[in-house]
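To convert, count from 1 in the sequence shown and add 535; that's the numbering used here. Right, one structure below, let's go through it.
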Amino acid sequence: MKIGGIQKLSLVDYPGKTCAALFTIGCNMRCGYCHNPELVLPERYTDTIPTDDILQFLASRVGKLQGVVISGGEPTLHDDLPELIRHIRSLGFLVKLDTNGTNPEMLEQLLHDQLLDYVAMDIKGPPASYQTIAAYPIDMAAILGSIELIKHAGIDYEFRTTVVKSQISWDDFDTIGRFIQGSPRYALQKFMPGRTLNPQFRHETTYSDDEFQQLQRKMERYVDICVVH
């Protein structure tokens with residue numbers, strides 16, 4: 536498993552739980568707003584952290600942390616992801632997976648083997664804009680298949696969207712809402728300019744706070760809870 540980073544304590548990555556977060560290297564999207572280019576671009580791959588070191592650290596946090604979040608990059612690209620999760624669960628931790636939903640086969644395996652306690656899936660935008668936002672060829676059937684797998688998995692989950700104003704229109708959120716309708720939680724993530732995969736995104740903006748409040752009310756017509764980060 537290629538792990539490029541670890542956050543040893545997080546109070547926000549796993550709703551309601553104290554956790555550590557692991558960041559895998561490699562992604563099959565090239566979203567311009569991504570703040571982790573070193574985890575995405577092969578030429579920027581950092582030195583990996585040995586899995587044994589990760590497990591040793593987690594063993595020292597038994598009884599102090601409740602869960603472990605596996606994020607990226609895109610974790611489902613790694614064939615040994617199930618093995619890593621089994622090791623983590625053997626220590627007694629809950630496991631949350633952050634995914635872009637492009638690998639429903641891996642996701643189905645993890646869910647079938649009951650290796651996940653929570654899934655957060657990124658929804659990049661409406662289908663018509665997905666490939667543009669991801670800046671990479673996208674199989675929409677895989678995305679929609681992952682949404683359905685998650686919705687019917689019987690575990691906690693959420694969908695979330697990073698909002699760049701130029702990429703997602705007001706009406707696009709209704710399209711997203713129809714795909715995730717009936718879900719317990721949807722997170723609107725404000726795009727923050729800074730160090731991004733595509734340097735041009737340092738000039739991009741997001742909606743105003745007032746507009747986000749309106750979007751929140753709009754999306755709560757489709758889901759139980761909509762939060763803004």
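All residues carry an ideal CB built from backbone N, CA and C; glycine is no exception. None of these values were measured; they are calculated from a predicted model.
Skipping 5 residues on each side, what residues in its chain have a beta carbon closer than 8 Å to that of residue i?
i, result
"Ile715", "Ile658, Ile682, Lys686, Phe694, Tyr721, Tyr757, Val758"
"Leu723", "Arg695, Thr696, Val698, Phe747, Leu750, Gln751, Met754, Cys761, Val762, Val763, His764"
"Ser701", "Glu739, Thr740"
"Arg713", "Tyr757"
Which one or two residues does DSSP pair with residue i in a beta bridge?
i, result
"Val654", "Leu632, Tyr692"
"Gln542", "Ala556"
"Val762", "Ala722"
"Ser606", "Phe558"
"Val698", "Lys725"
Looking only at its own chain, which residues have a Cβ that is under 6 Å from the Cβ of residue i, when we skip the five neighbours before and after it?
i, result
"Val604", "Asp548, Tyr549, Cys554, Ala556, Lys631"
"Gly636", "Met656, Ile678, Ser681"
"Ala688", "Leu646"
"Asp744", "none"
"Ile673", "Tyr665, Gln666"
Do residue i and residue j have their C-beta atoms closer together than 8 Å?
i, j, result
"Lys552", "Gln601", "yes"
"Leu593", "Met536", "no"
"Val698", "Tyr742", "yes"
"Ile703", "Cys566", "no"
"His622", "Leu574", "no"
"Ile538", "Thr586", "yes"
"Pro661", "Thr710", "yes"
"Gly598", "Gly561", "no"
"His570", "Arg730", "yes"
"Asp707", "Ser664", "yes"
"Leu612", "Asn563", "yes"
"Leu732", "Pro572", "yes"
"Glu643", "Leu576", "no"
Mark residue i as exposed unless 16 or more other C-beta atoms lie within 10 angstroms of its C-beta, in which case mark it buried.
i, result
"His764", "exposed"
"Ser718", "buried"
"Pro639", "buried"
"Thr634", "buried"
"Ile648", "Looking at the sequence shown, residue 648 is not Ile but Asp. Exposed."
"Thr559", "buried"
"Glu578", "exposed"
"Ser595", "exposed"
"Ala734", "Looking at the sequence shown, residue 734 is not Ala but Pro. Looking at its Cβ environment, which holds fewer than 16 other Cβ atoms inside 10 Å, Pro734 is exposed."
"Leu626", "exposed"
"Met675", "exposed"
Here's a check: name, in chain order, each residue in its chain whose Cβ is nearer than 7 Å to the Cβ of residue i, leaving out the five neighbours to either side.
i, result
"Asp691", "Asp652, Tyr653"
"Arg624", "Val630, Leu650"
"Met641", "Thr611, Leu616"
"Phe726", "Tyr568, Thr697, Val698, Val699, Glu739, Thr741"
Measure from the C-beta of residue i to each C-beta in chain D and report whether the shortest distance is under 8 Å.
i, result
"Ser606", "Any reference to chain D falls outside this structure, which holds one protein chain only."
Is residue i near the ligand PLP, going by C-beta to nearest heavy atom under 7 Å?
i, result
"Thr559", "This structure does not include the ligand PLP; it has no bound ligands of any sort."
- Query: Which runs of the alpha helix (DSSP H) spanning at least 4 residues fall entirely within the stretch 573 to 604, listed in chain order?
  - Reply: Complete alpha helix (DSSP H) runs here, min 4: 586 to 594.
- Item | Residue ranges of each alpha helix (DSSP H) within the stretch 705 to 754, 4 or longer | If only complete runs of 4 or more residues are kept, the stretch 705 to 754 shows the alpha helix (DSSP H) at 707 to 714, 744 to 754, in order along the chain.
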